[in-house]
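*Asks:* Using the numbering used here, read the sequence shown as starting at 5 and increasing by one per residue.
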Amino acid sequence: MTAPKMRNIGPKSAAWLRQVGLRTHEDISAIGTVEAFMRVKRAGFKPTLNLLYAIEGALLDCHWQEISDERRQQLIQAAEAATALLPPPRNKPAAAPVHTTVHAEERHDAFEGGGLDGNGLDDDDRPGGRDEDDGRD
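1) Relative to the C-alpha of Arg43, which residue among Ala83, His107, Gln77 is closest?
2) I need the boundaries of the alpha helix (DSSP H) containing Asp73, first residue and last residue.
3) Evaluate Ser72 with the Cβ neighbour count: other Cβ atoms within 10 Å of its Cβ, from every protein chain shown; 16 or more gives buried, anything less gives exposed.
4) Quick check on Pro92: buried or exposed, where buried means 16 or more other Cβ atoms within 10 Å of its Cβ?
5) Consult DSSP for Thr37 and reduce its assignment to one of helix, strand or coil.
6) Would you call the stretch 5-20 and the stretch 52-62 touching, i.e. three or more CB-CB distances under 8 Å?
7) With DSSP collapsed to three states, give me the class of His103.
8) Can you tell which of Ala88, Gly61, Thr104 has the C-alpha that lies nearest to the C-alpha of Arg46?
9) Please classify Thr105 as buried or exposed, where buried requires at least 16 other C-beta atoms within 10 Å of its C-beta.
10) Please state the DSSP three-state secondary structure of Gly48.
11) May I have the straight-line CA-CA distance separating Asp65 from Ala58, to the nearest angstrom?
12) What do you get for Glu60, buried or exposed, if any count of 16 or more other CB atoms within 10 angstroms of its CB means buried?
13) Where does Lys16 fall in DSSP's three states?
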């Protein structure tokens with residue numbers, strides 16, 4: 005017997021929740037919105053904030069877009085705090101802040117590699133040059 009469809013939860017989200025052992029409304033309400041979201045995330049899936057809002061809407065029996073901005077911010081903060089406690093992924097270093105390094109520009113002559121003359125034309129484009137690709141003279 006399959007569990008009844010929950011509001012806001014589509015087939016992909018339902019599959020993710022089932023795979024982490026959350027099959028019914030009661031299962032999710034017992035652990036809460038953020039923990040349900042984090043179980044999906046810890047399982048290796050890549051849920052977006054829409055799943056967080058969808059779970060909350062399912063528990064409140066309302067459309068996920070009806071969740072107030074204040075409540076959304078609370079959910080985001082709780083999810084970010086829980087995400088910060090996750091261990092770094094295996095075989096990958098933990099993400100570090102990105103720093104931009106600007107190197108001094110070096111002048112690269114387009115003429116050094118051959119093929120271009122001083123006018124930006126290669127041998128085949130100069131009058132009298134033969135272009136072997138299309139047979140033009």
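Beta carbons are placed, not taken as given, at the ideal position from N, Cα and C, and that holds for glycine.
Here the structure is a predicted model, which is why all the values come from computation and not from measurement.
*Replies:* Let me spell this out:
1) Sequence index remark: in the sequence shown, residue 43 carries index 39 (1-based). The option with the nearest alpha carbon to Arg43 is Ala83.
2) Numbered from 1 along the sequence shown, position 69 holds the residue referred to as residue 73. First-last of the alpha helix (DSSP H) with Asp73: 73-88.
3) Along the sequence shown, read from residue 1 onward, the residue named residue 72 stands at position 68. Around the Cβ of Ser72, a 10 Å sphere holds fewer than 16 other Cβ atoms; the residue is exposed.
4) Here residue 92 corresponds to residue number 88 of the sequence shown, with the count starting at 1. Pro92 comes out exposed.
5) Here the question's residue 37 lines up with position 33 in the sequence shown. Note: Thr37 maps to helix in three-state DSSP.
6) Segments in contact, yes.
7) Reading the sequence shown from its first residue, position 99 is the one you call residue 103. DSSP places His103 outside both helix and strand once states are collapsed to three, so it counts as coil.
8) The residue you call residue 46 lines up with position 42 of the sequence shown. By alpha-carbon distance to Arg46, the top candidate from Ala88, Gly61, Thr104 is Ala88.
9) Within the sequence shown, the letter at position 101 stands for residue 105. Counting of Cβ neighbours within 10 angstroms places Thr105 among the exposed residues, the total staying below 16.
10) Locating residue 48 in the sequence shown gives position 44, counting from the first residue. DSSP places Gly48 in the coil class of the three-state scheme, outside both helix and strand.
11) Mapped onto the sequence shown, residue 65 falls at position 61. Mapped onto the sequence shown, residue 58 falls at position 54. Spanning the two alpha carbons is a distance of roughly 10 Å.
12) Within the sequence shown, numbered from 1, the residue matching residue 60 stands at position 56. Looking at its Cβ environment, which holds 16 or more other Cβ atoms inside 10 Å, Glu60 is buried.
13) Taking the first residue of the sequence shown as 1, we reach residue 16 at position 12. In the structure shown, Lys16 sits in a helix (DSSP, three-state: H, G or I).
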